[in-house]
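**Student:** The opening position of the sequence shown corresponds to residue 1 in UniProt numbering, with each subsequent residue numbered one higher.
For each residue, glycine too, the CB sits at the ideal point set by N, CA and C.
This one's a predicted model, so the numbers in the text were calculated from it and none came from an experiment.
Shown below is the structure under consideration.
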Amino acid sequence: MKRDLSLTETLDALAAAPHLDALNPILLDLRDAYGLANVVYHATHLPACLQPNPILMLSYDPGWVSRYVGEDYFALDPVVQAGRTGFLPIDWDGLDRTSVGARHVFKEADSYGVGRRGITIPIRGPNGERAIFTLTSNITLDDWVRNKPTYLREYHAVAHFFHERAVQLSGLRAAQPRRLSRREQQCVQFLALGRQAKTIAYLLDISEPAVRLYLRTARHKLGCATMTQLVARAIALDLIDA
Numbered sequence: 001m002k003r004d005l006s007l008t009e010t011l012d013a014l015a016a017a018p019h020l021d022a023l024n025p026i027l028l029d030l031r032d033a034y035g036l037a038n039v040v041y042h043a044t045h046l047p048a049c050l051q052p053n054p055i056l057m058l059s060y061d062p063g064w065v066s067r068y069v070g071e072d073y074f075a076l077d078p079v080v081q082a083g084r085t086g087f088l089p090i091d092w093d094g095l096d097r098t099s100v101g102a103r104h105v106f107k108e109a110d111s112y113g114v115g116r117r118g119i120t121i122p123i124r125g126p127n128g129e130r131a132i133f134t135l136t137s138n139i140t141l142d143d144w145v146r147n148k149p150t151y152l153r154e155y156h157a158v159a160h161f162f163h164e165r166a167v168q169l170s171g172l173r174a175a176q177p178r179r180l181s182r183r184e185q186q187c188v189q190f191l192a193l194g195r196q197a198k199t200i201a202y203l204l205d206i207s208e209p210a211v212r213l214y215l216r217t218a219r220h221k222l223g224c225a226t227m228t229q230l231v232a233r234a235i236a237l238d239l240i241d242a
């Protein structure tokens, strides 16, 4: 697995993107840096937009994109279906491909060089936002097993921050967040650094239940569904350091 683009550089590039179209080159840089076949960001549902699949950014062959959209494979693709309902990262090797529709989609995808293997990360935003972030590869099974932990660790952070920036730059999130208190901000900052509630409590000299309360109120203030989303949004809003 080659890599000459750090996670910090990627997050910095996302934070500096001036408009939505500027995010697409970042996808291409990620694909090339990690030696992947393709990388995809797909917002499947945003409450502020009546249009289905409102944001789709990808590195696929344009012929496959035209075919996929024209045939409405959104409704048949088991990756999209699993991403809409699941919470954990999805390894394509574990997907159910027994239906005729699923087999058809994967067979066509293979002919367009989509990638034999893939990981899809479901994203849950505030107020029912739904998105998926996918990376695909053509490496051997042994290499895939060896590299997958790195993909999962680094792309999980990228996926959620990418979603934050895409929704912000598209103007499809209306509500303005409330300000965090000093304690809430401190707790979220330590959470972003990978600290657990018990460690945060020790570092701030407060109780562990207090830490959990501060994190919970911060999550509600910023309209986030998960703690991962909280960290991503706090970074995107410059409330904490990346």
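Just to confirm, are residue 227 and residue 215 a CB contact at a threshold of 8 Å?
**Tutor:** Against a cut-off of 8 Å, the Cβ pair of residue 215 and residue 227 comes out as a contact.
**Student:** When we look at the beta-carbon of residue 229 and count the other beta-carbons within 10 Å, is it buried (16 or more) or exposed?
**Tutor:** buried
**Student:** Taking the CB atoms as reference points, tell me whether residue 162 and residue 236 lie closer together than 8 Å.
**Tutor:** no
**Student:** Thinking C-alpha only, which one of 222, 166, 71, 242 is nearest residue 184?
**Tutor:** 222
**Student:** For residue 126 and residue 150, I'd like the C-alpha separation in whole angstroms.
**Tutor:** 27 Å
**Student:** Please report the distance separating the alpha-carbon of residue 120 from that of residue 195.
**Tutor:** 26 Å
**Student:** Once you ignore the five residues that flank residue 73 on each side, which residues in its own chain have a CB closer than 6 Å to its CB?
**Tutor:** Hits under 6 Å: 105.
**Student:** Could I get the ranges of all uninterrupted alpha helix (DSSP H) runs contained in the region 211 to 238, with 4 residues as the minimum, in chain order?
**Tutor:** 227 to 236
**Student:** Among the residues of its own chain, which have a CB less than 8 Å from the CB of residue 95, if the five just before and after it don't count?
**Tutor:** So the list reads 78, 79, 82, 102, once near-sequence residues are dropped.
**Student:** Secondary structure at residue 87, three-state DSSP: helix, strand or coil?
**Tutor:** coil
**Student:** First and last residue of the alpha helix (DSSP H) that includes residue 147?
**Tutor:** Its alpha helix (DSSP H) spans residues 141 to 170.
**Student:** Under three-state DSSP, which class holds residue 135?
**Tutor:** In the three-state reduction of the DSSP assignment, residue 135 falls in the strand class.
**Student:** Considering only the beta carbon of each residue, do residue 234 and residue 188 sit closer than 8 Å?
**Tutor:** yes
**Student:** Report the option in 122, 108, 152 whose CA atom is closest to the CA atom of residue 34.
**Tutor:** 152
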